[in-house]
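Notes follow once the structure below has been shown.
Numbering (the numbering used here), first residue to last: 106 to 292.
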């Protein structure tokens with residue numbers, strides 16, 4: 106699995122975007138989050154990647170000015186009630202954890218999490234013990250993650266041992282009592 110394949114898994118995650126619409130109110134562009142119904146100034150997202158839904162597809166660009174999105178060499182002017190979305194950011198400790206595990210463990214973890222109807226973007230807490238062991242030859246310990254998809258809670262314990270063998274064990278526990286364990290060992 107290369108970097109591009111990993112990025113594809115990030116791209117297809119559920120709830121990877123904050124989606125909503127914009128309205129021009131009192132000489133300001135206001136973004137209304139579809140999920141939370143919260144309002145915020147569109148200018149809070151200046152110089153960030155943003156997607157606008159035009160001609161039945163999402164166009165990706167950079168919000169350069171409140172109401173102007175640069176898509177390549179083109180400037181798109183935002184209109185009242187346009188649908189827009191911004192990619193959510195992962196919790197930093199989870200992002201570093203996902204970068205630090207091998208491809209097989211990464212793929213198994215993400216696909217198992219998805220099969221339980223959770224997304225990596227549902228993470229509300231991550232303790233990455235592995236990040237404290239970067240200088241160690243023998244890396245052994247447990248990482249803890251909590252995911253909330255608005256319907257259920259899932260805790261994940263990632264037991265790891267990286268020395269002569271690479272061993273990753275993920276224990277998923279849902280608030281319903283359902284449990285799932287996956288393990289990957291590489292000699």
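The beta carbon of each residue, even a glycine, is placed where N, CA and C say it ideally should be.
Residue 240 is bridged by DSSP to nothing; it lacks a bridge partner. The alpha-carbon of residue 160 is positioned some 15 Å away from that of residue 180. A Cβ-Cβ separation of about 7 Å places residue 226 in contact with residue 195 under the 8 Å criterion.
The DSSP assignment places complete beta strand (DSSP E) segments of no fewer than 3 residues inside the segment 106-186 at 122-130, 133-138, 144-146, 154-159, 162-170, 173-176 and 179-182, in order along the chain. In terms of CA proximity to residue 286, 275 leads the group 275, 251 and 266. Nearest to residue 171 by alpha-carbon distance, out of 143, 128 and 192, is 128.
For the 8 Å CB-CB criterion, residue 230 and residue 247 do not form a contact. Around the Cβ of residue 197, a 10 Å sphere holds fewer than 16 other Cβ atoms; the residue is exposed. In the structure shown, residue 234 adopts helical secondary structure according to DSSP, grouped into three states.
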